[in-house]
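Just so you know, our numbering puts 94 at position 110 of the sequence shown, and the rest follows in order with no gaps. The structure under discussion appears below in the form of structure tokens.
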Amino acid sequence: MTPYIPPLEEPQFAHAGASRTSLSEVIFRIVRWSTYAGAILTLILVLHKTPPPPIETSPQAAARAEQKFEEAERTVANGQPATLRMDETELNSYLSSHLELSGKRAAKPGPATEQPGTSDDAGPTPQDVKQMRSNVRDVKIQLVDDRVKAYVLFDVHGKDMTLQLEGRLSAQNGYLNFAPLSGQVGSLPIPQSTLESAVRRLMESENREKLKLPRQIADLHIENGEVVAHYR
-15 MTPYIPPLEE PQFAHAGASR TSLSEVIFRI VRWSTYAGAI LTLILVLHKT PPPPIETSPQ
45 AAARAEQKFE EAERTVANGQ PATLRMDETE LNSYLSSHLE LSGKRAAKPG PATEQPGTSD
105 DAGPTPQDVK QMRSNVRDVK IQLVDDRVKA YVLFDVHGKD MTLQLEGRLS AQNGYLNFAP
165 LSGQVGSLPI PQSTLESAVR RLMESENREK LKLPRQIADL HIENGEVVAH YR
């Protein structure tokens, strides 16, 4: 007589394993599409051009700024200290008449200067800084209490982008020093650690010599919405 063999039962955890596999696939898809959505949102924020702040400029204000510089230089030449104060309108008018911006000159395609082996993930190269400076189309400065807010419009491969920085200015060991408080590219805020690292690299790079102040200037800062420079 053939012994009775009961039918094999389905493993107890078979459904649970299939359920776990299905759940992991769903989670993976959610993470993947969230990454895509985050990248798209970041790109949109970066490319979103922020409107410029309402800054007034005039030839008369530029002339006043020129006169203040000349008076301070004459006073120092006579062996006496001097203090120069310049408001927001005078500063922007002076910059507008002296800065060479790409929007003021005819666009001229420059030769390709890319060199192999010069890429550095740690920060912008001197060539990068030079190219960014040559592509600047507009600069506006706001003076708020003891802070300075800079608005920069520049061209990147034919696309207008904006950079906004806020911080405090000072003079340290004969060089202009900028302590960043906040910044954003387009509408995308720049993390504070990234901002501080970028400014620190700029201060320590070859561009540092461009931040050297005239030896007559002993101190420079923002006070009550004005640039204050002490000459010695």
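All C-beta atoms, glycine included, are put in the ideal place defined by N, C-alpha and C. Everything numeric in this text was worked out from a predicted model, so none of it was measured.
Between which residues of its own chain and Lys133 is the CB-CB distance below 6 Å, once the five residues before and five after are set aside?
Gln126, Glu150
So, helix, strand or coil for Thr67, using DSSP?
strand
Among Ala163, Gln200, Glu40, whose alpha-carbon lies nearest the alpha-carbon of Arg184?
The candidate whose alpha carbon is nearest that of Arg184 is Ala163.
Measure the C-alpha to C-alpha separation of Asp104 and Val140 and round it to an integer number of angstroms.
Residue confidence is low: Asp104 scores 44 on pLDDT, short of 50, so the model does not pin down where it sits. No coordinate-derived value is stated.
Give me the residue from Leu68, Met70, Glu210 with the minimum Cα distance to Arg131.
Glu210
Which residues in the same chain have their Cβ closer than 7 Å to the Cβ of Glu207, if we skip the five residues on either side of it in sequence?
Asp130
Along the chain, where does the alpha helix (DSSP H) containing Leu149 start, and where does it finish?
No alpha helix (DSSP H) holds Leu149; the beta strand (DSSP E) holding it covers 143 to 156.
Can you find the residues in the same chain that come closer than 6 Å, C-beta to C-beta, to Leu195, ignoring five residues on each side of it along the sequence?
Tyr159, Leu160
Asn208 (DSSP reduced to helix, strand or coil):
coil
Per DSSP, what kind of secondary structure is Lys196 in: helix, strand or coil?
strand
Short Cβ contact (8 Å threshold) for Leu204 with Ser154:
yes
Using a C-beta cutoff of 8 Å, does Gly170 count as contacting chain D?
Of the chains in the structure shown, none is chain D; there is only one protein chain.
Once you ignore the five residues that flank Leu79 on each side, which residues in its own chain have a CB closer than 8 Å to its CB?
Val123, Ile125
Quick one: what does DSSP say Arg185 is sitting in, helix, strand or coil?
helix
Per DSSP, what are the beta-bridge partners of Tyr135 in this structure?
Answer is Lys124, Gln148, bridged to Tyr135.
CA-CA distance, Asn119 and Glu193?
21 Å
With DSSP as the reference, label Asn191 as helix, strand or coil.
helix
By how many angstroms is the C-alpha of Glu55 removed from the C-alpha of Glu40?
24 Å
I need the DSSP call for Pro93, collapsed to helix, strand or coil.
Residue placement at Pro93 is poorly supported in this model, since its pLDDT is 46, which falls under 50; the coordinates are not used for a value here.
What are the start and end residues of the alpha helix (DSSP H) that includes Pro43?
43 to 61
Does the beta-carbon of Ala46, which I'm using as the reference point, lie nearer than 7 Å to any heavy atom of the ligand FAD?
With respect to the ligand FAD, the structure offers nothing, as it holds no ligand at all.
How far does the alpha helix (DSSP H) with Leu75 in it reach, from first residue to last?
72 to 82
Among all the DSSP beta bridges, which residues are the ones paired with Gly167?
Leu149
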